[in-house]
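In the numbering used here, the protein residues as written are 431 to 1008.
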């Protein structure tokens, strides 16, 4: 421990603490831009590239970046001197001089950290005029738009992509004025190993990285009288959407969300939770089948498209272990355009399925050519939680004052097992609630598997079923997934089933959710909201959902049977590592 003086305030901290961290302990605010510290997911952006956080250190001639300078015994720091404040202001003026001025129509308007800091510093005009860096916009993918003209070289995206997710799709390129964060050989994102998880755009302080905007497509569909437009909403959306309207993170806004979607003009409002229950019927059946018939183990969950694409690139020698189940929203699209369309007498080609997802990878997933049936895609349009909030505002809906409404049926009834899909560990817990009863012919009284919950990177549990130890692993974040899969590949770890989610915290931390700006307590509050929704449900096991029973009786036949395979299962393709 060392003693440090910051603006006359004494603080004792460990010697590996930075000035920035020490200053927070004595409530001294130092502005930052490139810095981002997400300890819970082991990400600290150490680039120290922006120099917005410079301070004076007694005995040192030059200013020090507070985010990257460790303290020492007797250090005296001054954060508010004329020299430090002037330097910070100059840095910001230089950043603004090389940045577009389209704030009013920018994707990140009011969410941009550069914009917010400029306002905080009282910068009202651009002091330094001159040439501005210009780069072509990369809109090659279905999920992410890269506009590097708005890049401030903070390197947050690079740190997230390379160190946390271990995808290695982004890197610093060039020198001097032409420096930019880009891809290998300047390839379009769609031609790289990018998984479209969206964690890069979740940490980008500007709009250099943003999701593909599908809102105009949704309005066009709603306004087309020849189309029958149905919408489904993912479990994680209902505990995050409220944040866009000033509510506490984790607030469950299911009823208001349904009411808002009806007001927007959708013909039917359904729940992806129904399809999550359907997923469990198929995934639990597949797991039981593998256990009983010597099938390939471990079985990996397949609900996350970012994780699936990562697997196809990085572990394509193991493509026989993921579950063949489609993700819930794709299952929903499949049954909507077959079972539901048939019941309602609607031509599937005239039905438009819109998914509201916490994830930008779902936009890419919906475009995968194998995810369709009879010449139509399972899902036509995907929008994120943020995009839905924009539509609600655009429609002039007073969200906070809406009366709660219920989902439409028959694809709107769900169980507690389905809603926990939104949190890391939830999919495998939901599967176990059903698989346990199918394997033992006994009622599972305690449905909560606490060992599989929490924000820890990788969790393990052993469940006793029919006297046999069933080994389960749960991991979230692609870097953690890589470590786990490499152990399995080397034969150092053995499991029966594994859940993997690409995003920290699972879907509640998806790249399409409201920006958390580095406050991971927000993720924990969203997770708490998910589990409160589960506990509030009367039915908490997927196989007990009466609407699920009905669809199998009327249309699908046996779980994991021929018709179910035709509509609810998929396959994977090996992809190059570049």
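Idealized CB from N, CA, C, for every residue including glycine.
Taking 8 Å as the cut-off, the beta carbon of residue 759 is found closer than this to the beta carbon of residue 809. The region 723-739 makes no contact with the region 656-667, as fewer than three CB pairs between them are under 8 Å.
When rounded, the separation of the alpha-carbon atoms in residue 838 and residue 699 is 6 Å. Put simply, the region 785-800 touches the region 568-587. At least three CB pairs are less than 8 Å apart. Its Cα nearest to that of residue 968, the residue 843 stands out among 545, 654, 843 and 621.
If you look at residue 644, you'll find it isn't in any beta strand (DSSP E); DSSP assigns it neither H nor E. Non-local beta-carbon contacts of residue 873 in its own chain, meaning distances under 7 Å to residues more than five positions away in sequence, involve 867 in chain order. Around the C-beta of residue 768, 16 or more other C-beta atoms lie within 10 Å, and the residue is accordingly described as buried. Looking at the DSSP output, residue 508 bridges to 486. Exposure of residue 440 is indicated by the presence of fewer than 16 other C-beta atoms within 10 angstroms of its C-beta. Bounds of the alpha helix (DSSP H) holding residue 962 are 951-966. In the assembly as shown, residue 588 is a buried residue. Its beta-carbon has 16 or more other beta-carbons within 10 Å.
The residue among 932, 899, 655 and 993 with its C-alpha nearest the C-alpha of residue 803 is 993. The region 898-914 and the region 579-587 do not touch, with fewer than 3 CB-CB distances between them shorter than 8 Å. Residue 562 counts as exposed, since fewer than 16 other C-beta atoms from the protein chains shown sit within 10 angstroms of its C-beta.
Assignment of residue 576 by DSSP, reduced to helix, strand and coil, places it in the strand class.
Only residues of its own chain outside the window of five on either side were considered, and among them 431, 432, 500, 501, 502 and 503 have a CB closer than 8 Å to the CB of residue 445, listed in chain order. Sixteen is the threshold: since fewer than 16 other Cβ atoms of the shown chains lie within 10 Å of the Cβ of residue 987, the residue is exposed. Bridge pairing for residue 995: absent [DSSP].
An exposed status is given to residue 920, since fewer than 16 other beta-carbon atoms sit within 10 Å of its beta-carbon. The region 817-831 makes contact with the region 676-691, as at least three CB pairs between them are under 8 Å.
Here the alpha carbon of residue 632 sits roughly 43 Å from the alpha carbon of residue 983.
Between the region 551-558 and the region 513-531, the count of Cβ pairs shorter than 8 Å is three or higher; the stretches touch. Shown here, residue 601 sits in a strand according to DSSP, grouped into three states.
Non-local beta-carbon contacts of residue 752 in its own chain, meaning distances under 8 Å to residues more than five positions away in sequence, involve 729, 730, 731, 732, 738, 741 and 1002 in chain order.
Look at residue 881 here: in three-state DSSP terms it is helix. Residue environment analysis places residue 619 among the buried positions, since at least 16 neighbouring C-beta atoms fall within 10 angstroms of its C-beta. If you check the CB distance, residue 853 and residue 957 come in under 8 Å.
Listed as beta-bridge partners of residue 612 by DSSP are 601. Secondary structure note for residue 502: it is in no alpha helix (DSSP H), with a DSSP letter that is neither H nor E.
Here the region 588-607 lies against the region 901-914, with 3 or more beta-carbon pairs under 8 Å apart. In this structure residue 568 is buried. Its beta-carbon is surrounded by 16 or more other beta-carbon atoms within 10 angstroms. Of 476, 473 and 509, the smallest CA-CA separation from residue 486 is found for 509. Residue burial is scored here from C-beta neighbours: residue 925 has at least 16 other C-beta atoms within 10 angstroms and is therefore classed as buried.
Taking the Cα positions, residue 636 is about 13 Å away from residue 535. Residue 850 is positioned such that its CB atom lies no closer than 8 Å to that of residue 669.
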